[in-house]
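Here is the structure we will look at.
There are 2 protein chains.
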Amino acid sequence: MPYYIGDVIQDEKKLVARTPERFRETGIEVMTHTRVTGVDTAKGLVELDGRPALNYDYLVFATGASAFVPDIPGLDLPDVFSLRNLEDAIAIKERIKEINARRVVVVGAGFIGLEMCEALTEAGIAVTLIHKDPLPANRWDPSLSSMMSEELKRHGVNFVSSTSVSGIEKGTGASLCVRTSRGEFEADLVLMAIGVRPNVALAGSIGLKIGETGAISVNFAQRTSIENIYAVGDCCESFHRVSRRWVNIPLGDIANKQGRVAGRNIGGRPLNFDGVVGAQSFRLFGLECASTGLTEREAAAAGFSPASNITWGNTMAPALGARKIGLKLVCDRATRRLLGAQAVGAAGTVGRIDVLSVALWNGMDLDQVGYLDLAYAPPFSAAWDVIHNAAQALGRSL
Amino acid sequence: MPYYIGDVIQDEKKLVARTPERFRETGIEVMTHTRVTGVDTAKGLVELDGRPALNYDYLVFATGASAFVPDIPGLDLPDVFSLRNLEDAIAIKERIKEINARRVVVVGAGFIGLEMCEALTEAGIAVTLIHKDPLPANRWDPSLSSMMSEELKRHGVNFVSSTSVSGIEKGTGASLCVRTSRGEFEADLVLMAIGVRPNVALAGSIGLKIGETGAISVNFAQRTSIENIYAVGDCCESFHRVSRRWVNIPLGDIANKQGRVAGRNIGGRPLNFDGVVGAQSFRLFGLECASTGLTEREAAAAGFSPASNITWGNTMAPALGARKIGLKLVCDRATRRLLGAQAVGAAGTVGRIDVLSVALWNGMDLDQVGYLDLAYAPPFSAAWDVIHNAAQALGRSL
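So the sequence lines, in the order shown, correspond to chains A and B. With this note's numbering, you'll find the first sequence wraps up at 425, consecutive numbering, no jumps. With this note's numbering, you'll find the second sequence wraps up at 425, consecutive numbering, no jumps.
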């Protein structure tokens, strides 16, 4: 998810146009609209569509991910979009203006779908959000994701849950009609947002090792299975410090870190990427939604015996006004080690997941987390923060 | 600082009255307005003023701290206050109403003084803040505390810096007149807020070891130098995990933790208090001010060779609007270990100091902090957060 709909509020076309220019100033040529048709790893050649091949000493795969689209009819109709990069966002925004779109159907209540609900609603557009599961953002516990569906309702988004889409057709009252297991929904524009998949076709075709996740396998230096070829960003794997497994988490901050690590290693100043703990967040109107580490299912898959609890608290001292936060902690029964956390709530929620991400990074257990020294003042927390209360309560329950 | 002016917005008198009552319901008697005149440690007796002595098996000192007042004339005049506990806050609030106070002079620009500036200004009172140093909150770097003095100005507080108070007299235009090295300031009410000192007279008189900080010395179980006597809260010391020294940091969250630890040990379920990293924060109108770990001076005193830098950033992605944050990091040159951090800025500042507090708790170095996995999304940070930028920049400078 390297792009955010909010990014395109600015004069985005200039931004896109300026990037190759700026690189050129530093002696780097950016070839846009240029397809790589093959790589000759023996000769160190990148073959291009309609241009002479390029020699390389080092090659970096930064092929990203693409929006996953299901196998249903109608996806090729005009005004059916997916959102993956800045160009997609620009196209959607322009098309909305052009046709004066009043109704949009969003398919999929993950990060992109939920963020788009906010952006579209704030642009005065009526949004219907269709999701296959009963609640949005299925990484979060139902008690937390139900806060999200309430927030959607409060802002006028029509959240249609437990519903599968079977196809898109031309509409009668609007240009499009989305057919689902719960009836038909007409729209001026449809956004498919059901997830992304790493782009690994080229990497696979030249024999780079693809990991179990379906993304390019790399080592801690971002090197692939071929010595002078590196991979960074959404197309490759990262080491998860909690599960001790390689994962593919398509997030912009991880991509940035990996890019810098690859550059350092190619440039001869070795640096390892020490991995991730799975920290992620998004905003949904007035709610901060964040999660880190493992879910119970992932924890069990990684060989732990997970236990969890949910704690309700406030992001400031009760005397100053209540601002609700719900925090779920996941731990290992045997070692009492923290394994993951999910939270939804008022301002200050993401900060708490960041705190717990550093705890995960360092392998802290519940007993330590329950007595962490945090910067207490009544506008920002109670003397016992929800983090302390949650860790102590989960510890007592084991 | 266990009480906050905001706490007294609620119906505080009921709260005070209810506390002994609630304890009584659980079989615990609270003797308010009862002075302890001595302790016979040989017989296990607490001697009371005007009441029979009490036997004890275990004794807990929770004598707190008192506002420090300088040796100047006029402190005994009516309407000269200090603020230490809920009763003080109630008295100040009532007196402000009673005399319809329009002008208040606050002496001392530490946490309490600054928080009171906000509370009084929001109550429509004209505030003059007199401080001995050029900038408020001298724990923070001048480039950060100057953000605080600007915030004071922006909200109409008259910040009188580098000024010493020589005495308080009866005024002519108002009931009081504060005499200083920079002239006289009239006021309806004066608040002395120049710091607190631990209350250790009784503890010292019975031979409890007092630490170098002037507070009661305890071990990790909160036990004092006498086996069945414990001490908790502002009157005792805590172990600082970064400096590896015992410190006295009078904060409500630390007091809460120590109280629980003492209770556990007395109750026969041993628990150690693993110490503090010095995390602290306060709000000043629209600013979040927070700090953790050691300042450069403290780091040098603790045997480190400190280096530091200041990094300016935003608490959200620039495309979504700029919200300034200034972050100072302190590290050890030899080990590259993080030693401390100070920050002032928009919402999200305290969360970042909390993140760095967990990093300090675990002894992380700059290279790890520079690549921490945090819950990035544009409304909450840039892809490289100010934490990453600061840690990497300081690392490069060594």
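The C-beta atom is built at its ideal place from N, Cα and C for all residues, glycine as well. Small disclaimer: the values here were computed from a predicted structure and weren't measured.
Between residue 317 of chain B and residue 377 of chain B, the gap from beta carbon to beta carbon is short of 9 angstroms.
The DSSP-derived three-state label of residue 60 of chain B is coil. Scanning chain A for C-beta atoms nearer than 8 angstroms to the C-beta of residue 403 of chain B yields 278, 279, 280, 306, 307 and 308, reported in chain order.
Bridge partners of residue 225 of chain B according to DSSP: B:92. Taken in chain order, no unbroken stretch of alpha helix (DSSP H) lies wholly in the stretch 75-122 of chain B with a span of 4 residues or more. Exclusion of the five residues before and after residue 78 of chain A leaves 58 and 61 as the residues of its chain whose Cβ lies within less than 8 angstroms of its Cβ. In the DSSP assignment, residue 292 of chain B falls within the alpha helix (DSSP H) that extends over 279-293.
At a cut-off of 9 angstroms, the C-beta of residue 220 of chain B has no neighbouring C-beta in chain A. The stretch 322-374 of chain A is shown to contain whole beta strand (DSSP E) runs of 3 or more residues at 333-341, 351-359 and 365-372, in chain order.
Residue 416 of chain A: member of the alpha helix (DSSP H) spanning 413-424, first to last residue. Annotated as distal: residue 410 of chain A and residue 341 of chain A, with beta-carbon spacing of 9 angstroms or more. Interface flag for residue 398 of chain A against chain B is set, since a Cβ pair is found closer than 9 angstroms. In the structure shown, the three-state DSSP call for residue 395 of chain B is helix.
Residue contact check for residue 388 of chain A against chain B: a CB pair falls below 9 angstroms. For the set B:102, B:112 and B:395, the Cα lying nearest the Cα of residue 268 of chain A is the one of B:395. Within the stretch 365-389 of chain B, 374, 375, 377, 378, 379, 380, 381, 382, 383, 384, 385, 386, 387, 388 and 389 place their CB atoms closer than 9 angstroms to a CB of chain A, listed in sequence order. Under the Cβ distance rule, residue 315 of chain A counts among the residues neighbouring chain B, one pair being separated by less than 9 angstroms. Taking a Cβ-Cβ cut-off of 8 angstroms, the neighbours of residue 301 of chain A in chain B comprise 395 and 398, given in sequence order.
Proximity of chain A to residue 411 of chain B at the Cβ level (cut-off 7 angstroms) is accounted for by 283, in chain order.
Between the alpha carbons of residue 64 of chain A and residue 83 of chain A lies a distance of about 15 angstroms. Residue 377 of chain A carries a helical assignment under DSSP once its states are collapsed to helix, strand and coil. The beta carbon of residue 241 of chain A sits closer than 8 angstroms to those of 224, 225, 227 and 275, all from its chain and outside the five residues before and after it, given in chain order.
Contact note: residue 319 of chain A reaches chain B through 402, using a C-beta cutoff of 7 angstroms and chain order.
The beta-bridge partner set that DSSP reports for residue 258 of chain A consists of A:88. At a Cβ-Cβ threshold of 9 angstroms, residue 248 of chain A and residue 214 of chain A do not count as neighbours.
Taking the C-beta atoms as reference points, residue 87 of chain B is found no nearer than 9 angstroms to residue 80 of chain B. Counting along the chain, no beta strand (DSSP E) covers residue 139 of chain B; the unbroken alpha helix (DSSP H) around it starts and ends at 138-149. Selection B:270, B:333 and B:166 evaluated against residue 304 of chain B yields B:270 as nearest (Cα-Cα). Residue pairing from DSSP places residue 308 of chain A in a beta bridge opposite A:317. Under the Cβ criterion (8 angstroms, minimum of three pairs), the stretch 166-178 of chain A counts as touching the stretch 362-376 of chain A.
For residue 171 of chain B, the uninterrupted alpha helix (DSSP H) segment begins and ends at 169-181. Annotated three-state conformation of residue 184 of chain B is coil, per DSSP. Under the 9 angstroms criterion on CB atoms, residue 163 of chain B is classed as non-interfacial with respect to chain A. In this structure, DSSP gives residue 128 of chain A a state outside helix and strand, which the three-state scheme calls coil. Not flagged as an interface residue toward chain A: residue 247 of chain B, since no C-beta distance is shorter than 9 angstroms. When the Cα atoms are used, residue 403 of chain B and residue 295 of chain B turn out to be separated by approximately 44 angstroms.
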